[in-house]
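In what follows, a single structure is set out as structure tokens and then discussed.
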Amino acid sequence: MIWAYVLENMGVEDLRSNQSVFLLIKDLKIEDKYLYFDNTFERPELEKLLDCMGIGDKLIIRSVEDIADSLSELANIFQRFSEKKIVLCSCVEPFLCEEDYQENLNGYVKLYLYYNQKKKDTAYQKALSEGKVGRPLKTVEIEKAINMYESGQFKISQIEMITGVSKSTIYRYANKKQ
């Protein structure tokens, strides 16, 4: 049995082109009952599809980016595919259609870099939304630490313990004042 899964475009920032998978669906004349579409990253239809698929079935997708958001998710899905001996055909990643070794290796590296960059971008966006990007502004604790340091009455370890400001921050601000 040949099945197809499509993750639909979901907004301005999501610019995936599903044209290649739709052309393949048309060329193979896959019936509607074997087509599954999701429009959220929770992918409920993918779960239903995996439950319906039988041993040795074939699955056509645009890209593995559509079935997982991280390498660990992708590994889990690949494990489920291998348990059912599902043959995967990705329009974007030809190495998943049994191409030669060099293309396989390049494809896996590209996948790793994609997911690694996606993870970094997600973490950066989260930090940005929480206002945690960059060094903290000069706070009351830093002012207090600098004053204690400049007084010469305290050891740097004491200042660090009392104020909670690290040695490197104290030295950095002290050097800026000089």
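Counting in the working numbering, the sequence shown runs from 1 upward without gaps.
C-beta atoms are modelled at their ideal positions from N, C-alpha and C, and glycine is treated no differently.
Please return the same chain residues whose Cβ sits closer than 7 Å to the Cβ of residue i, not counting the five positions on each side in sequence.
i, result
"Ser164", "Reading off the sequence shown, one finds Gly at residue 164, where the question assumed Ser. The residues are Glu141."
How many angstroms separate the CA atom of residue i from the CA atom of residue j?
i, j, result
"Lys120", "Ile159", "34 Å"
"Ala4", "Met53", "11 Å"
"Tyr112", "Glu73", "13 Å"
"Gln178", "Thr122", "39 Å"
"Met148", "Gly134", "25 Å"
Is residue i helix, strand or coil when you go by DSSP?
i, result
"Ala68", "coil"
"Phe41", "coil"
"Lys26", "helix"
"Ser157", "helix"
"Leu128", "helix"
"Val6", "strand"
"Ile146", "helix"
To which residues of the same chain is residue i closer than 6 Å at the C-beta, ignoring the five residues directly before and after it?
i, result
"Lys58", "Ile2, Val87"
"Ile156", "Lys167"
"Lys144", "Thr163"
Just to confirm my understanding: we take residue i, look at its own chain, exclude 5 residues before and 5 after, and list those with CB closer than 8 Å. What are they?
i, result
"Lys85", "Ile55, Gly56"
"Leu96", "Val64, Leu88, Cys89, Ser90, Gly107"
Name the DSSP beta bridge partners of residue i, please?
i, result
"Ser17", "According to DSSP, Ser17 bridges with nothing at all."
"Tyr114", "Looking at the DSSP assignment, Tyr114 forms no beta bridge with any residue, so it has no partner."
Do the region 106-120 and the region 61-73 make contact, defined as three or more Cβ pairs closer than 8 Å? yes
Contact between the region 27-38 and the region 89-99 is defined here as three or more beta-carbon pairs at a separation below 8 Å; is this criterion met? no
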